[in-house]
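Per our numbering, residue 93 is the first one in the sequence shown, and the count goes up by one each step. Ideal placement from N, C-alpha and C gives every residue a C-beta, glycine not left out.
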Amino acid sequence: MKQFFKIVFASMIGFGVTLFLGIIIIIGVVAAMSGGDKDEKNLEVKENSVLHLDFSGGLVDRGSDNPFETFDFNTMQSNKKLSLKEVLDNLKKAKADDKIEGAFLDLKGVSMNMANLDEVREGLEDFKTSGKWIVAYGQDISQGTYYLASVADQIYVYPEGGVEFNGLMSEIMFFKGMLEKLEVEVQIIRGKNNKFKSAVEPFMYDKMSDPNREQLNKLLSTIWENWTEKISESRGITVASLNEYADSLRAFDPSNAIAYKLVDGLLFGDQVLDTLRAKLDVKTNDDINFVSLSKYTRAPEKFEDGAPKPWELKDKIAIIYGAGEIRSGKSDQQTMGSKTIVKAIRAAREDSSIKAIVFRVNSPGGSALASDVMWRETQLAKAAKPFVISMGGLAASGGYYVSAGADRVFAGANTITGSIGVFGMIPNAKNMLNNKLGLTFDGVQTNANSDIGMLTQPLTPFQYGKIQQSVEKVYDTFLGHVSEGRNMTKEEVDAIGQGRVWTGEDALELGLVDELGGLNDAIAYAAEQAGLANYRLKSFPEKKDAFQELIKEITGESSNLFLRWKLGDFYSYYQTVDRLTNSERIQARIPYDIQIR
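Structure below.
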């Protein structure tokens, strides 16, 4: 009885602690939400102001009202991420705002995908055409951050800092040796001749295959060439010199970074502020009127006399955002759910006030079935009104599957796309469970193959052959959709398919996309096709209110946030294993999680 009460009291204490922590988190989130709402009225921008650009918190295709998505357990605050459209619109607005003298690019770090990096960089270049200046400053400038900063008129770095400029690298972790030690067999089925479909390679080999090494080399080389050409144009340094600097790591020494024109000076933070004051022609001790991007969103936009206001317009263009791994069911913060996206596309198609649709795709792919379900809805929408694809940083495999049938496909030069291929993976953990844990399994079945796909036994040759047939059928369907959408033969698609990834620039040459451009380019094209001179935008999927999101996260999905916080950089490896155990059987997914540094 004594032991019983110990267990009861321990359980009560554990429940109480959990409840207390939950209440604390809720209070923190609600406080952060209410604190962000208190200044929601229009912002009055002061004369002689500077637009403060800080992307260290991250930039995503579409901002979220979900307070848990960026909740920081250390500070107990929710840090809302900027959206791409918000940034581009604010840069355009600031370009014409007489009260904004210039921009300060705060190089604490840049967290965004490569396509968004290009779109923001182009937005900054457009901002400069007004004659306004951009000053960039960082204590220690990473490579992607430097690529963005290179558009600035002046770049300054902390005297004891440096510039990371050493070229691109992509590294893949292989699990084969670990799985052998654990006695776990991964049964792999790839589409016919899908030699580049290397999502399965970490479970098959202990190093890259030759085809995978070939495609990765091509991918990184193209991206690096694009980066160095842009930096060369902005900084007046030859591409050959930039490559020599990368090979010799010259920029690691900040004094060398000045000598080789990568930066314009070594300054402490207070000296940078003095530099800005000089540009603003204000006294040394005067405060600088910085305006953050998030606050500048509330600055009213100026309209010409008689020009229609966006909120007065009836005609609309829909922007449908699809991001994350493709799965059946509803979308969440990490996945693109077919049920959610189909509902959004259908709503936009059936709304008579919506004259055109832009589908923004940022996905590595995933479930082949879910991809096909969404593809079908894109074709129904295309038959009803102009349907345009805008690819983000990643629109590969299933992400390309849902894009191929559009009226027009836009991609960034450094978008990663293609990966037209299919695979299946079924783990067999029988030996591990038996030999490591002493677990055995037995059962009965009504038919010869009722046990197909069980994790506790291997596939029979007959079962393996049937799954191979299914994979081949899905690949043939994939080829057919691309063939029809891109006006190519199946043989032509297969020649550039086989699971191979391409940059947007290469995809344009191969006929997989129609034009290099960003989200605003896709919107402008959709408006032109719909014959719209004036219109407003409507975003899908429609957002739930903040309270609904709060309850949803508390009751389940907040565990993902906690895992990301605890695992840090290792969270991506957790996701890889999670996909292996929870994904649908047949996948149209990019060969790997690309981490470029």
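Taking the beta strand (DSSP E) that residue i belongs to, which residues open and close that run?
i: S384; result: N381 to S384
i: R342; result: Counting along the chain, R342 falls outside any beta strand (DSSP E), and DSSP gives it neither H nor E.
i: P294; result: No beta strand (DSSP E) contains P294, which is instead part of the alpha helix (DSSP H) from E293 to M296.
i: E634; result: Per DSSP, E634 belongs to no beta strand (DSSP E) and is neither H nor E.
i: E136; result: Neither: E136 is in no beta strand (DSSP E) and is coded neither H nor E.
i: L486; result: F479 to A488
i: Q279; result: E277 to R282
i: K422; result: Unbroken run through K422: none, as it is neither H nor E.
i: V450; result: I446 to S455
i: L197; result: I192 to D198
Determine the closest residue to residue i out of the options, with distance taken between C-alpha atoms.
i: L260; options: G485, N318 and Y250; result: N318
i: A410; options: E634, R305, S242 and R468; result: E634
i: Y297; options: E321, F554, I280 and A188; result: I280
i: Q414; options: L385, I380 and N454; result: Rather than Gln, the amino acid found at residue 414 in this sequence is Gly. The option with the nearest alpha carbon to G414 is N454.
i: I264; options: N377, N304 and E272; result: N304
i: D198; options: H144, N612, E620 and E214; result: H144
i: E583; options: L368, V480 and G572; result: G572
i: G149; options: Y248, E256 and L176; result: L176
i: A195; options: K322, D362, E469 and N381; result: N381
i: G361; options: A338, T470, S262 and D232; result: D232
i: T569; options: V514, A587 and L608; result: V514
i: Q363; options: S340, Y493, Y352 and A228; result: A228
i: F257; options: V179, A349, N208 and G215; result: A349
i: N520; options: E272, N182, E178 and D181; result: E272
i: A241; options: N182, D146 and K287; result: D146
i: G491; options: M206, S459 and Y250; result: S459
i: Y337; options: V255, I512, V142 and A291; result: V255
Put residue i into one of helix, strand or coil per three-state DSSP.
i: N258; result: coil
i: K401; result: coil
i: G128; result: Confidence is the limiting factor: at G128 the pLDDT is only 46, short of 50, which leaves the residue's position unreliable and the question unanswerable from this model.
i: A713; result: Look at the range of the chain in this structure, 93 to 689, and you will see that residue 713 is not part of it.
i: R154; result: coil
i: I437; result: helix
i: M270; result: helix
i: M265; result: coil
i: T432; result: helix
i: S290; result: helix
i: I512; result: coil
i: T167; result: Since pLDDT at T167 reaches only 49, below the 50 mark, its modelled position is unreliable, and no value is offered.
i: A498; result: coil
i: V331; result: helix
i: G149; result: coil
i: G223; result: coil
i: G603; result: coil
i: K408; result: strand
i: G491; result: helix
i: Y388; result: helix
i: K630; result: strand
In the DSSP assignment, find the alpha helix (DSSP H) that holds residue i and state where it starts and stops.
i: Q307; result: D302 to R327
i: F395; result: No alpha helix (DSSP H) holds F395; DSSP gives it neither H nor E.
i: L145; result: Not the alpha helix (DSSP H): L145 falls in the beta strand (DSSP E), residues S141 to D146.
i: Q471; result: A460 to A476
i: L209; result: M206 to K220
i: V179; result: L176 to K187
i: D362; result: G361 to L372
i: N739; result: Nothing can be reported for residue 739, as the shown portion of the chain is limited to 93 through 689.
i: D613; result: L611 to A622
Give me the Cα-Cα distance between residue i and residue j, rounded to the nearest whole angstrom.
i: A436; j: E211; result: 25 angstroms
i: Y388; j: M300; result: 47 angstroms
i: T509; j: L600; result: 11 angstroms
i: G253; j: G201; result: 13 angstroms
i: A498; j: A473; result: 9 angstroms
i: N541; j: Q555; result: 7 angstroms
i: I544; j: F533; result: 15 angstroms
i: M546; j: M524; result: 14 angstroms
i: M204; j: V152; result: 7 angstroms
i: E597; j: N506; result: 7 angstroms
i: V536; j: Q549; result: 14 angstroms
i: A244; j: Q621; result: 35 angstroms
i: S495; j: L358; result: 46 angstroms
i: R438; j: I449; result: 11 angstroms
i: P553; j: V563; result: 15 angstroms
Quick check: is any heavy atom of the ligand HEM less than 6 angstroms from the C-beta of residue i?
i: A498; result: In the structure shown, the ligand HEM is absent, as is every other ligand, since no ligand is present at all.
Minimum length 4: unbroken alpha helix (DSSP H) runs contained in the region 225 to 252: 235 to 241
Alpha helix (DSSP H) segments (min. 4 residues) lying fully within the region 524 to 601: Counting only runs of 4 or more, we get 553 to 578 and 582 to 588.
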